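Data block below; observations after.
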Amino acid sequence: MAVVTALRPRSIARTETAPRARRTIPPLPAAARPIVWGPTVVALVLVGLAWQAVAAGNPYILPRLPAVGTAFLADPLLFVSNAWATLQIALLGLVYGFGVAFVLAVLTSEFTLLRRAIMPLASVLNVTPVVALAPGLVVAFGFGMAPKVIVTAIITFFPVLANVSTGLRSVQGPVLDVFHTLQASRLEVLRRLRIPSAMPYTIAALRVTLPLSVVGAVVAEFVAAGSSTGLGTVIKTSAANSQLAQMYAAIGCLALLGVLMLAVITAFERRLLFWHESQQRRR
Amino acid sequence: MTTVTLPAHVLADPEHILVREVDKTYPGASARALDDIDLVIRRGEFVSLIGPSGCGKSTLLRALAGLEPIDTGSITIYGATPREACSQKAVGLVPQTPALLPWLTVRQNVELPGKVNRAASKRRAHRQGMGASSVGRTDPDELLDLVGLAEKRDAYPGELSGGMQQRVAIARAFGLEPDVLLMDEPFSALDEFTREAMRLHLLSLWQRMRTTVVFVTHSVREAVTLSDRIVVMSARPGRIHELIDVDLPRPRDREVLAGPGLHAVEDRVRDSLQRAWDSGAVPSDLVPA
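Residue numbers (this note's numbering), protein chains in the order written: chain A, 1 to 283; chain B, 1001 to 1289.
In structure tokens:
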């Protein structure tokens, strides 16, 4: 829905209806029509009411929504600074995880021997619960940022490796034939053909790993004893002190962080993948 | 400026593409894809390969492009092996699908062959042997104009129809000014009306560029309209059944193409195809159980 909305320029809608403007009401942009946003609002209100109903009877299990708002407003700086700490770890981990995975995807797609050596290891790493690795990493790398960044990097590593590898192999035979008759070097095929062809897969990987990087950072903050910053730490300490309103305010901040990341990647996708089927206007 | 002198064997025959006693069997296949193929193509000639599916016409084309290894025999393109010819950017390929890069504009797609493997362009500019050494320097805008897509130069392939995309692919291949242009059923995915228009586009482009063309098709009308010579092939094993000269005048304008001469040649090709079909083994999937 959102894609259709954004791709339909308002000016076209207006010029189309201009001659008949007196008799018909010009259609609103899709996002402004109640039929589009109505269901979302109704669902939100229902969930909010259900929450309030449960919270009214069990204040020690679930805080009331206004209390969550109050907790946030009581010390907004606490949430913003800790969100920033978590975001730093998430993004830094993503940069490392993505970077290493992308380079490895290119190398393994070019060299079969390397693929056979690395892919089984990567798969094992992927199925190992990262939470289980975290304590060991803390022991090895101390209590600073390093272990948290590494946990995040590991959690984002595999989706990027798997997606980009598939993307690099997704080049159509006929296009490769054209490049081969020109005797293009492997580097040229990679640069002009394989990497651009892998772009949709790379973006899809980012779509998965951006929110995942926040998961990685929060998990790392949970596990790393003595962690003093980050929304994960706020959640851990406020849960331990039964400050439920503060805990849910922190969870709300994490959700907001995830939504912002998705918004950024969607905008990025529209710019970079304007040529891809996924971005064509639906008829 | 240094000149690149090609090996002696390359200089031997700068005017012909020679296919000599070529055999090829795909691993696991029961019949030969190519069986004792002998063919001589003169420079500047437009030759079509036609035959039932499985007759090896596409395999032969791919072998000419150096994309398919052959078991025995030899293929030389103006004296050079297909690989050597490709390393001079002497071979242009138009595959069945347009095979354009969707993230580049139409114009950038046409310019692409010039940008890839620049060393080959230089080699080609200074070579001796293999006959003419024109370098792919045709203006991309002029080419797009010739295929009727001048105003689409800044569009992306996704915004074009299938026929337009294939015209871009043809412009791209001609832009290289290859010594031989290999076209593998380039119009087979298009509807009949578009095919008709595409043939005329290709005829006028060829009339101007006079490139040697090897054209694979399964349409008799297409083969007769375009070619100087038609190679009729039979399947299982893939053999050359008959060579048919198309003695229609050029340029082939609408008058020639509507005349009785065209139909006479078409009938000859159809008869030959029928006999080729009868002579070849019946495909196993058509034999009643």
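Cβ atoms here follow ideal geometry from the backbone N, Cα and C, with glycine treated the same way.
Note that this is a predicted model, so its numbers are computed, not measured.
| Query | Result |
| --- | --- |
| Using CA atoms only, rank isn't needed, just tell me which of B:1236, B:1048 and B:1075 is closest to residue 1226 (chain B). | B:1048 |
| I'd like to know whether the C-beta of residue 1078 (chain B) is nearer than 8 Å to at least one C-beta of chain A. | no |
| Once DSSP output is grouped into helix, strand and coil, what is the label at residue 1164 (chain B)? | helix |
| So, using beta-carbon positions, are residue 1117 (chain B) and residue 1089 (chain B) closer together than 8 Å? | yes |
| Counting Cβ pairs closer than 8 Å, one from the segment 1244-1257 of chain B and one from the segment 1069-1079 of chain B, do we hit at least three? | no |
| Take the Cβ of residue 167 (chain A) as the centre, count every other Cβ of all protein chains shown within 10 Å, and call the residue buried at 16 or more, exposed below. | buried |
| Quick one: what's got a C-beta closer than 6 Å to residue 153 (chain A)'s C-beta in the same chain, skipping five residues either side? | 93, 96 and 97 |
| Any idea what DSSP makes of residue 1035 (chain B), helix, strand or coil? | strand |
| When you compare the CB of residue 1158 (chain B) with every CB in chain A, is at least one pair closer than 8 Å? | yes |
| Taking only runs of the beta strand (DSSP E) that begin and end inside the segment 1203-1281 of chain B, which ones reach a length of at least 3 residues, in chain order? | 1212-1217, 1229-1234 and 1239-1245 |
| Just the C-alpha distance for residue 64 (chain A) and residue 255 (chain A), rounded to the nearest angstrom, thanks. | 18 Å |
| Let's see if you can read the secondary structure: which residues bound the beta strand (DSSP E) around residue 1044 (chain B)? | Element bounds for residue 1044 (chain B): n/a, residue is neither H nor E. |
| Say whether chain A places a C-beta atom closer than 8 Å to the C-beta of residue 1065 (chain B). | yes |
| So residue 1099 (chain B) and residue 1169 (chain B) are supposed to be a Cβ contact under 8 Å. How far apart are they, rounded? | 6 Å |
| Within the 8 Å Cβ cut-off, does residue 186 (chain A) reach chain B? | no |
| Assuming residue 1179 (chain B) and residue 1212 (chain B) form a contact by the criterion Cβ under 8 Å, report the distance between their Cβ atoms to the nearest whole angstrom. | 7 Å |
| So that I know if they touch, is there some Cβ in chain A lying closer than 8 Å to that of residue 1134 (chain B)? | With a pLDDT of only 49 at residue 1134 (chain B), under 50, the local geometry of the prediction cannot be trusted, and the value read off the model is given with reservation. No, residue 1134 (chain B) does not count as interfacial toward chain A. |
| Note down, in chain order, all residues in the segment 163-187 of chain A with a beta-carbon under 9 Å from any beta-carbon belonging to chain B. | 172, 173, 174, 175, 176, 177, 178, 179, 180, 181, 182, 183, 184 and 185 |
| Here's the rule: buried if 16 or more other CB atoms are within 10 angstroms of the residue's CB, otherwise exposed. What is residue 1084 (chain B)? | buried |
| For the beta strand (DSSP E) containing residue 259 (chain A), name the first residue and the last one. | Unbroken run through residue 259 (chain A) is the alpha helix (DSSP H), 244-272; no beta strand (DSSP E). |
| Say whether chain B places a C-beta atom closer than 8 Å to the C-beta of residue 159 (chain A). | no |
| Could you tell me if residue 162 (chain A) is buried or exposed, where buried requires 16 or more neighbouring beta carbons within 10 angstroms of its beta carbon? | buried |
| Mark residue 1318 (chain B) as exposed unless 16 or more other C-beta atoms lie within 10 angstroms of its C-beta, in which case mark it buried. | Beyond the ends of chain B as shown, which are 1001 and 1289, falls residue 1318 (chain B); an answer cannot be given. |
| Work out the CA separation of residue 1176 (chain B) and residue 1134 (chain B) for me, nearest whole Å. | Residue placement at residue 1134 (chain B) is flagged as unreliable, the pLDDT there being 49, under the threshold of 50; the coordinate-derived value follows with that caveat. Their backbone Cα atoms lie some 9 Å apart in a straight line. |
| Between which two residues does the alpha helix (DSSP H) carrying residue 1115 (chain B) extend? | 1106-1115 |
| Could you tell me whether any Cβ in chain B is nearer than 8 Å to the Cβ of residue 116 (chain A)? | no |
| Closer than 8 Å by beta-carbon distance: list the chain A residues that pair up with residue 1117 (chain B), in chain order. | 182, 183, 184, 185 and 188 |
| Less than 8 Å between CB atoms is the rule here; does residue 84 (chain A) satisfy it with respect to chain B? | no |
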